[in-house]
Amino acid sequence: MRGAVYNIFAGSRSAETRHARRSGRVVFSDKGRQLVLRSPCCRASLRGVLGHCMLGAALLVSSPVSASWSIEPSLKTGVAVSDNVGLASETGLPVFGKETTDLVSELTPGIWVKSLGRRHSLDLLYRMQNLSYAREKQYDISNHQLEATMNGELLRRHLFFEGEASNYQQPIYAHPGVLTDYFLPGERADISTIRLSPYYRYSFGGTARMMLRYTHVQTRIEKRASDGTTNRFNARLANKRWGRVAWNIGYKNERVEREDEFLFDHEVAAANFRYRLSRRFALLARAGSENHNLGTSTTWTVQYENGSYWAAGAGWRLRRDVQLDALGGEGYSRVRLLWNPSRRTSLKVYWRDQEFGMNPGVSWRGEFSMHFRRTVWLASYNETVIALQQALSDRGLYSFRDPDSGFFLPGEVDPETERLVPVYFDPDTGERTDYPNAGKLIPLVFDDFGLFNETFLRRRGQMVFGWQTGEDALTGLLFYEHRTYLEQGDEATSYGLHGNWKHSLDPATELLGGAQYRFHSYRFVPEDEYAWSLEAGMSWKLEGDNTASCLYRYLNRYSASKKNRYHENRITCYVKFVL
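If you want it as structure tokens, here you go:
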């Protein structure tokens, strides 16, 4: 019922019902117990994901506080006209299909469920994208797309629970310039991920605090690559940083499996100590151990040493806003630079040289953020050893994409929740605020490496820029990723930039524009390739929350081999109804 609001009381047979205009949403206010359920309308590959979601949701049944519920069904319908729907090459050889002009019809029902209470929150977005080709009927397909996050407080102030689930499509092979939600006939695989993470917090009075966390991650891959499972246990004990002394002890044990076969395990323990001599100087110490075990089910091109290390050093506050730490010792050296000139600007740079571990030798890590009124700059760089199945569950760059309009938003990691959140400014005041429809956004996926079983050392850097006024919004993303493969050898590199712009002509009409450039050096292939694209269009806000848009896109891919060159012109128009 449009605009209906229901108040339901657990254990009571009576219910108060009142009507209110909520732009097509149905909102439930439950002052009794809550049971969070997931939509069972995904394909067979999602059965395991939904089963785990049900289990995690059931843990929140006994929450006796009030909660608000919002359920918003929607229907998106539209058409796309392409002059090269199969992305065929200049020589006539198909990349994804035959060279032909075709009309692609889209019908996508969806549902967005939100719940927020004092001790739990839920955000679930499900879409079923149905694509029908007028000429190439063999390409007809239904794609199930799910993004869900949930967290709750099971035992007040002590026991908590976090859960995430997703199902999306990704190209099987590496094709620069092609987004993961692009129409790729027969060349996409379903990726399903589930992450469950209960954790326990305890405070030892005013002296120390402890956190224990268990994380279970499953990744299901429809084609080519194998499924994967990760089980991880983290423990941390630290003082509350009062007085001159600060210390912490951390432990992590992680086991990664591929198709129920052991791939590697990773055990790390470390203790840090800091004693403040004065406002400017401090003594530092660190000790730890790294232990790893590589599985025999695959051939590793590298071997790692296990062992323990220790280091000592000093910390120096050069100025009020600059701090430098340096440690050196047996098997470990580290330098850390912190710069905080204001609450809006922060820079962290880490250099490390370590003898033991799965990433021995010199390693760098850095983070930068600068926030102004209506503007944000974000940058990061890190180096880590990761399996493909782990990378797919941590797939997003620091940006989001609106699946309806195609517009991008910058994102940053919330330091408290360690989750990627969109960066958005109030159009009137220019101050940072929550994005009104954050649950409808999807993490931006730029994966130019394809799906195949590998473990690799990933060096990834990225920079995000966002600017927003009352009438204009501009987002830019620059990224670089280099992979050193550890099982089969060889290397691959990808880098590029993406930018888009939005301008409001009036409260109901917006101009859209975008450009993209991507470069990729392929694994086992001597030639390099690149792709670029341009986009332009308009979007309209209709009555209520209904929207419409038309977008033109030109895509061009260049390769030294003519069989891998192609270009395409595409016009996409759609209307989305909020029911």
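Position in the sequence shown counted from 1, then plus 14, gives you our numbering.
Built from N, CA and C at the ideal position, the CB exists for glycine as well.
Checklist entry - Measuring CB to CB, does Ala296 end up less than 8 Å from Ala340? => result Taking the first residue of the sequence shown as 1, we reach residue 296 at position 282. Taking the first residue of the sequence shown as 1, we reach residue 340 at position 326. Taking 8 Å as the cut-off, the Cβ atoms of Ala296 and Ala340 do not count as close.
Next on the checklist: For Leu136, tell me which candidate among Trp126, Asn373, Tyr509 has the shortest Cα-Cα distance.
Outcome noted: Within the sequence shown, the letter at position 122 stands for residue 136. Sorting Trp126, Asn373, Tyr509 by C-alpha distance to the C-alpha of Leu136 places Trp126 at the top.
Checklist entry - Using the beta-carbon count (16 or more within 10 Å), is Glu344 buried or exposed? => result To locate residue 344, count along the sequence shown from 1; it is residue 330. By the 10 Å Cβ count, Glu344 comes out exposed.
Item to check | Rounded straight-line distance, which links the Cα of Ala393 to that of Gly475 | outcome: Counting from 1 along the sequence shown, the entry for residue 475 is found at position 461. Counting from 1 along the sequence shown, the entry for residue 393 is found at position 379. Roughly 7 Å between the two C-alpha positions.
Checklist entry - Tell me which same chain residues have a C-beta within less than 6 Å of the C-beta of Arg246, skipping the five on either side of it? => result In the sequence shown, residue 246 corresponds to position 232, counting from 1. Excluding its 5 nearest sequence neighbours in each direction, Arg246 has C-beta neighbours in its own chain below 6 Å: Thr229, Glu268, listed in chain order.
Checklist entry - For Ser322, which residues of its own chain have a beta-carbon under 6 Å away from its beta-carbon, when the five flanking residues on both sides are left out? => result Mapped onto the sequence shown, residue 322 falls at position 308. Correct list, in chain order: Ser303.
Checklist entry - Is the beta carbon of Arg133 sitting closer than 8 Å to the one on Gly177? => result Within the sequence shown, numbered from 1, the residue matching residue 133 stands at position 119. Within the sequence shown, numbered from 1, the residue matching residue 177 stands at position 163. Between Arg133 and Gly177, the gap from beta carbon to beta carbon reaches 8 Å or more.
Checklist entry - Name the DSSP bridge partner or partners of Gly177? => result In the sequence shown, the residue the question calls residue 177 occupies position 163. In the DSSP output, where bridge partners are listed per residue, Gly177 has Met164, Leu210.
Item to check | Own chain residues within Cβ distance below 6 Å of Val376, not counting five before or after | outcome: Walking along the sequence shown from the start, residue 376 turns up at place 362. Listed in chain order, the non-local C-beta contacts of Val376 below 6 Å within the same chain comprise Asp367, local neighbours out to five positions each way being set aside.
Checklist entry - With 16 as the cutoff for other CB atoms within 10 Å, does Thr315 come out buried or exposed? => result Residue 315 sits at position 301 when you count from the first residue of the sequence shown. Taking all protein chains shown into account, Thr315 has fewer than 16 neighbouring C-beta atoms within 10 Å of its C-beta and is therefore exposed.
Next on the checklist: Here's a check: name, in chain order, each residue in its chain whose Cβ is nearer than 6 Å to the Cβ of His385, leaving out the five neighbours to either side.
Outcome noted: Position 371 of the sequence shown, counting from 1, holds the residue named residue 385. So the list reads Arg358, once near-sequence residues are dropped.
Checklist entry - If you draw a straight line from the alpha carbon of Tyr318 to that of Pro374, how long is it in whole angstroms? => result Mapped onto the sequence shown, residue 318 falls at position 304. Mapped onto the sequence shown, residue 374 falls at position 360. Taking the straight line joining both Cα atoms gives about 8 Å.
Next on the checklist: Measuring straight from C-alpha to C-alpha, what distance separates Asn262 and His280?
Outcome noted: Working through the sequence shown from its first residue, we reach residue 262 at position 248. Working through the sequence shown from its first residue, we reach residue 280 at position 266. Roughly 20 Å between the two C-alpha positions.
Checklist entry - Should Gln152 be labelled buried (16 or more other beta-carbon atoms within 10 Å of its own) or exposed? => result Walking along the sequence shown from the start, residue 152 turns up at place 138. Exposed, because fewer than 16 other Cβ atoms sit within 10 Å of the Cβ of Gln152.
Checklist entry - Should Glu596 go down as buried or exposed, given a rule of 16 or more other Cβ atoms within 10 Å for buried? => result There is no way to answer for residue 596, as the model of the chain reaches only from 15 to 593.
Item to check | Contacts around Pro87, its chain only, beta-carbon distance under 6 Å, and the 5 residues preceding and following it disregarded | outcome: Taking the first residue of the sequence shown as 1, we reach residue 87 at position 73. For Pro87, where only same-chain residues beyond five positions count, the Cβ hits under 6 Å are Ile125, Leu593.
Item to check | Local Cβ density within 10 Å of Phe218, reported as buried at 16 or more and exposed below that | outcome: As a working note, residue 218 is residue 204 in the sequence shown. So Phe218 ends up on the exposed side.
Next on the checklist: Applying the 10 Å Cβ sphere with the 16-neighbour rule, what's the burial state of Ser575?
Outcome noted: Here residue 575 corresponds to residue number 561 of the sequence shown, with the count starting at 1. The residue in question, Ser575, is exposed, as its Cβ has fewer than 16 Cβ neighbours within 10 Å.
Item to check | Uninterrupted beta strand (DSSP E) stretches inside the stretch 310 to 393 (no shorter than 3 residues) | outcome: Complete beta strand (DSSP E) runs here, min 3: 321 to 333, 336 to 344, 346 to 356, 359 to 368, 375 to 386.
Checklist entry - Roughly how many whole angstroms lie between the Cα atoms of Arg290 and Asp448? => result Locating residue 290 in the sequence shown gives position 276, where the first residue counts as 1. Locating residue 448 in the sequence shown gives position 434, where the first residue counts as 1. The alpha-carbon atoms of Arg290 and Asp448 are separated by roughly 38 Å.
Item to check | Own chain partners of Arg149 with C-beta closer than 7 Å, once the 5 adjacent residues on each side are dropped | outcome: Start at 1 with the first residue of the sequence shown, and residue 149 comes out as number 135. Correct list, in chain order: Thr114, Asp116.
Checklist entry - Should Gly220 be labelled buried (16 or more other beta-carbon atoms within 10 Å of its own) or exposed? => result As a first step, residue 220 must be located in the sequence shown, where it is residue number 206. That one is exposed.
Item to check | Supposed close pair Glu505, Lys516 - CB separation, criterion 8 Å | outcome: Looking up residue 505 in the sequence shown gives position 491. Looking up residue 516 in the sequence shown gives position 502. About 37 Å; that fails the 8 Å criterion.
Checklist entry - Does DSSP put Ser88 in a helix, in a strand, or in coil? => result As a first step, residue 88 is located in the sequence shown; it is residue number 74 there, counting from the start. Residue state for Ser88 is assigned as strand, using DSSP reduced to three classes.
Item to check | N-terminal and C-terminal residue of the beta strand (DSSP E) that Leu145 is part of | outcome: Here residue 145 is taken as the residue at index 131 of the sequence shown, counted from 1. Counting along the chain, the beta strand (DSSP E) containing Leu145 begins and ends at 134 to 147.
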